[in-house]
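Using this note's numbering, the letters of the sequence shown map in sequence onto residues 2 to 280.
Quick reminder that beta carbons are idealized off the backbone N, C-alpha and C, glycines included.
Bear in mind the structure is a predicted one, so any value in this text is a computation, not a measurement.
Notes to accompany the following structure.
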Amino acid sequence: MGKLDDPTRLMTVEEFMRYTPPNIPAVVDHGILFSGTNMIIFGEPKTYKSTLMYELALSLATGNHWVGFGTKKCIVFYVQAEMPLAVQRLRLDKSWIGHTFADLGIYMKFDRAMKLDTMYGQNKLAHDLKHIRSVHPKEELVVILDPLFELMMGRISDEYEMRKFTSAVNALQQEHQFTTIIVHHARKTHLDDNNKKVKQGAQEMLGSVILDAWLDTCGETIVHDFENDPTAVELKFLRTRHGMPVSSVHMRINVETFRPVLDYNKIMDVDALSINDLS
């Protein structure tokens with residue numbers, strides 16, 4: 002049998018066991034992100050979510066390491082729906098300096114009107130994806146959506162509205178074959194009786210639990226002591242559904258270049274981040 006001509010058709014278990022699954026490439030290694038899956042990076046304001054995503058876009062486009070993790074060279078489509086275009090330009094002037102932009106397979110879009118839980122928004126994104134696929138029909142494609150709340154018309158906390166969004170992404174993925182990364186925000190902080198923040202893992206994401214159930218990988222950006230060191234960031238992986246647990250990555254953001262610098266003194270698990278990955 003080897004290859005499935007129609008993966009949705011009825012088949013016997015004998016037919017299924019004759020099926021040879023294709024190799025699923027790792028987009029970010031250590032089980033963080035595989036081709037065709039979905040990752041969300043969320044956090045409170047001023048925890049450098051977009052900064053890390055711009056770094057990831059550059060790493061994927063060049064095939065270089067991202068905060069210590071190996072990557073597969075990809076075509077990247079970055080959809081920014083919050084940050085003004087001029088601000089993006091100034092940031093990227095600093096963080097992407099030294100690269101020949103004509104050689105980078107990165108596409109950019111700024112559009113606050115593109116709501117992916119509407120047919121209008123889905124058609125706009127599909128139009129762009131068709132163009133990218135016409136130029137890069139076979140390459141690995143990663144779509145970064147930043148941020149989620151600006152890409153939905155409906156209420157993020159509503160199960161039905163969130164299903165409209167995730168179903169739209171699923172349908173677009175099936176047609177255009179891409180991996181999805183979403184930048185998202187944390188919900189309002191909950192404090193205990195001692196006025197300490199209550200940690201709820203992925204449940205700290207703003208919105209419906211449908212989002213938590215849908216994603217494959219979930220990472221949280223945390224600045225633990227903003228008043229004393231606002232550039233010290235922890236990237237904490239709360240879930241890697243298709244891989245082993247991954248230790249947190251500690252870094253500082255260089256405010257001159259808007260790029261992360263790893264804090265090697267705080268890397269605890271050499272299995273999660275090997276010495277080769279840190280070179």
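No Cβ-Cβ contact shorter than 8 Å links residue 42 with residue 155.
Cβ-Cβ distances below 8 Å link residue 263 to 68, 69, 250, 251, 252 and 279 in the same chain, with the five nearest sequence neighbours on each side left out; the list follows chain order.
Annotated three-state conformation of residue 105 is coil, per DSSP.
For residue 125, the CB contacts under 6 Å within the same chain, skipping 5 residues up- and downstream, are 115 in chain order. Restricting attention to 243, 19 and 161, the CA atom closest to the CA of residue 39 is found in 243. For residue 5 and residue 11, the gap between their C-alpha atoms comes out near 11 Å. Residue 34 is bridged by DSSP to 29. For the pair residue 184 and residue 54, the Cα-to-Cα distance works out to about 8 Å. The shortest CA-to-CA distance from residue 100 to any of 20, 59 and 77 is the one to 59. Residue 235 sits in a strand when the DSSP states are folded into three classes. DSSP places residue 177 inside the alpha helix (DSSP H), whose first and last residues are 160-177. Closest in alpha carbon position to residue 239, among 248, 180, 17 and 231, is 248. Listed in chain order, the non-local C-beta contacts of residue 208 below 7 Å within the same chain comprise 157, 158 and 163, local neighbours out to five positions each way being set aside.
At least 8 Å separates the beta-carbon of residue 75 from that of residue 176.
In the DSSP assignment, residue 259 forms no beta bridge with any residue. For residue 224, the secondary structure class from DSSP, reduced to helix, strand or coil, is coil. Contact annotation, residue 143 with residue 179: C-beta distance approximately 6 Å; criterion of less than 8 Å satisfied.
Straight through space, the alpha carbons of residue 51 and residue 236 are spaced by roughly 13 Å.
Pairing residue 187 with residue 14, the inter-Cα distance amounts to about 43 Å. For residue 72 against residue 222, the beta-carbon gap comes to about 18 Å, at or over 8 Å, which does not count as contact. Bounds of the beta strand (DSSP E) holding residue 145 are 142-147.
Per DSSP, residue 14 has no beta bridge partner at all. DSSP, reduced to helix, strand and coil, places residue 124 within a helical segment of the structure shown.
Distance between residue 123 and residue 215, taken at the CA atoms: about 19 Å. Note: residue 44 is bridge-paired with 186 and 222 in the DSSP secondary-structure output. Residue environment analysis places residue 257 among the exposed positions, since fewer than 16 neighbouring C-beta atoms fall within 10 angstroms of its C-beta.
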